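For the sequence shown, our numbering assigns the number 3 to the initial residue and increments by one for each residue that follows.
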Amino acid sequence: MGIAAFLKRKNIVPSLQRYGIDAMGAMAQGLFCTLLAGTILNTIGSQFHIGFLTAELVTFAGKGYTIGGIASAMAGPAMAVAIGAALAAPPMVLFTLVPVGFATNALGGAGGPFAVYAVALLASEIGKAVSKETRIDILVTPLVTLLAGIGLAALIAVPIGSAAQSLGRLIMWATELQPFLMGIIVAVIVGIALTLPISSAAICAGLGLTGLAGGAALAGCCAQMVGFAVLSFRENRFGGLVSQGIGTSMLQMGNIIRNPKIWIAPILASAISGPVATCIFRLQMNGAAVNSGMGTCGLCGPIGVWTGWVAPSEAALLNGAVAIQPGLWEWTGLIVVSIVVPTLVCSILGAFLRRIGWIRPGDLRIC
Numbered sequence: 003m004g005i006a007a008f009l010k011r012k013n014i015v016p017s018l019q020r021y022g023i024d025a026m027g028a029m030a031q032g033l034f035c036t037l038l039a040g041t042i043l044n045t046i047g048s049q050f051h052i053g054f055l056t057a058e059l060v061t062f063a064g065k066g067y068t069i070g071g072i073a074s075a076m077a078g079p080a081m082a083v084a085i086g087a088a089l090a091a092p093p094m095v096l097f098t099l100v101p102v103g104f105a106t107n108a109l110g111g112a113g114g115p116f117a118v119y120a121v122a123l124l125a126s127e128i129g130k131a132v133s134k135e136t137r138i139d140i141l142v143t144p145l146v147t148l149l150a151g152i153g154l155a156a157l158i159a160v161p162i163g164s165a166a167q168s169l170g171r172l173i174m175w176a177t178e179l180q181p182f183l184m185g186i187i188v189a190v191i192v193g194i195a196l197t198l199p200i201s202s203a204a205i206c207a208g209l210g211l212t213g214l215a216g217g218a219a220l221a222g223c224c225a226q227m228v229g230f231a232v233l234s235f236r237e238n239r240f241g242g243l244v245s246q247g248i249g250t251s252m253l254q255m256g257n258i259i260r261n262p263k264i265w266i267a268p269i270l271a272s273a274i275s276g277p278v279a280t281c282i283f284r285l286q287m288n289g290a291a292v293n294s295g296m297g298t299c300g301l302c303g304p305i306g307v308w309t310g311w312v313a314p315s316e317a318a319l320l321n322g323a324v325a326i327q328p329g330l331w332e333w334t335g336l337i338v339v340s341i342v343v344p345t346l347v348c349s350i351l352g353a354f355l356r357r358i359g360w361i362r363p364g365d366l367r368i369c
């Protein structure tokens, strides 16, 4: 039997559709159902003081986890299983991807989601190749899948995480520029990172990105999330508005791979929102640095700005931030930067891109 016949029998189909669109789209859904859903629950619980959402229900390795914390901790396994399901992996391969995803996400750091994507994809196909090929399949399939997955994670997850973190050096260089250029560069880079399968929040937290640069990062992230939510409203209606607007723009990654031109409007919205934040409203993120990379996910970004106004974080205080009582100008700036600019830019530019055929019907549809 030739290689082509073997791959066909095993339903291993190397293609852009399966690897670039189906697997990437499934991974984004796995991330949404865990990390992002957990973030939203944590935000609701902390802001509205809801006891059962803030209570630590589980303690593991000396760390307590809330309901949202448990969900967030399972992001790696959920993404890996989602990828395996998209590749039609048999049950034993699918179940073995749980520890593979957990280990890979932990090793990948800021690049965890992309590391999980690469490792889970390869481990799934290796597991499918050996599945039901021996009489002791119940041992061979999970062991091969597990060893292949953990081995690949040990080889490539850390380098992927380092590559993702290297964006931080570019961001830090940009923070030293004058506010206009800094606003554009930081907003575009962090906004793109938010939509890519890497963790913009981890990058911003690792850099301690607060102050004016944190405001630019927030602007770029909001532009991606709100921008895609508005841009794809025709296809996804109110469900898409919510899942992307307060969930994640990563849900569009499969569509971006299919047609990169759909990314033009949100990226341009980031480039415009950034300097609007830094030069006009002087918007600063003086809450926890992680919120600079969250955008409107669970409203964490705007809540972080508000927290920074009334009670600046320790890092922000060290950089000279002081508590203020926000007035009309501050609230107007936050709303304009987070919602108004990306809505206007993506509505106008999106209509133009559809008119010239760069965005076609169905290009922005999410599952």
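Every residue gets a Cβ at the ideal spot worked out from N, C-alpha and C, and that includes glycine.
A quick note: this is a predicted structure, and the numbers were derived from the prediction, not measured.
Tell me where the alpha helix (DSSP H) around residue i begins and ends.
| i | result |
| --- | --- |
| Y119 | 114-132 |
| V83 | 77-88 |
| G247 | 235-247 |
| G256 | 255-260 |
| T41 | 39-50 |
| T136 | No alpha helix (DSSP H) holds T136; DSSP gives it neither H nor E. |
| R357 | 343-357 |
| I23 | From DSSP, I23 is part of no alpha helix (DSSP H); its letter is neither H nor E. |
| S202 | 202-209 |
| T98 | 93-110 |
| W397 | In the structure displayed, the chain extends from 3 to 369; residue 397 sits before or after that span and is not available. |
| T334 | 330-337 |
| T309 | 302-312 |
| L320 | 316-320 |
Can residue i and residue j be called in contact, C-beta distance under 7 Å?
| i | j | result |
| --- | --- | --- |
| I162 | G241 | no |
| N288 | A323 | yes |
| G210 | A291 | yes |
| L154 | V121 | yes |
| V190 | S272 | yes |
| A221 | V339 | yes |
| V347 | I274 | yes |
| G208 | P268 | no |
| P277 | F182 | yes |
| A63 | T36 | no |
| A88 | L33 | no |
| L270 | A279 | no |
How is the beta strand (DSSP E) around residue i delimited, first residue to last?
| i | result |
| --- | --- |
| K12 | Counting along the chain, K12 falls outside any beta strand (DSSP E), and DSSP gives it neither H nor E. |
| G185 | First-last for G185: 181-197, but that is the alpha helix (DSSP H), not the beta strand (DSSP E). |
When we look at the beta-carbon of residue i and count the other beta-carbons within 10 Å, is it buried (16 or more) or exposed?
| i | result |
| --- | --- |
| C299 | buried |
| L136 | According to the sequence provided, residue 136 is Thr. The question's Leu does not apply to it. Exposed, since its Cβ has fewer than 16 Cβ neighbours within 10 Å. |
| S251 | buried |
| K134 | exposed |
| I337 | exposed |
| V244 | exposed |
| K10 | exposed |
| I264 | buried |
| Q226 | buried |
| W331 | exposed |
| V95 | buried |
| F50 | exposed |
| Q31 | buried |
| G53 | exposed |
| P16 | exposed |
| K130 | buried |
| G352 | buried |
How long is the line joining the alpha carbons of residue i and residue j, rounded to whole angstroms?
| i | j | result |
| --- | --- | --- |
| A80 | G151 | 15 Å |
| N13 | L366 | 28 Å |
| I128 | A176 | 42 Å |
| A2 | Q254 | In the structure as shown, the chain starts at 3 and stops at 369, and residue 2 therefore has no counterpart that could be examined. |
| M296 | T143 | 38 Å |
| S202 | G193 | 8 Å |
| L43 | V307 | 19 Å |
| S168 | M174 | 10 Å |
| I106 | Q327 | Residue identity differs from the one stated: residue 106 is Thr in this sequence, not Ile. Roughly 43 Å between the two C-alpha positions. |
| R362 | S164 | 36 Å |
| P199 | F116 | 5 Å |
| G47 | A90 | 37 Å |
| L109 | L99 | 15 Å |
| I23 | L149 | 26 Å |
| Q246 | G4 | 44 Å |
When DSSP labels each residue in this structure, what does residue i get in the three-state scheme?
| i | result |
| --- | --- |
| F34 | helix |
| F283 | coil |
| V60 | strand |
| G66 | strand |
| N288 | coil |
| W360 | coil |
| C164 | A small fix is needed here, since residue 164 is Ser in this sequence, not Cys. Helix. |
| E178 | coil |
| I326 | coil |
| I368 | coil |
| M29 | helix |
Flag residue i as yes when its Cβ comes closer than 6 Å to any non-hydrogen atom of the ligand PLP, and as no otherwise.
| i | result |
| --- | --- |
| M94 | You won't find the ligand PLP in this model; it holds no ligand whatsoever. |
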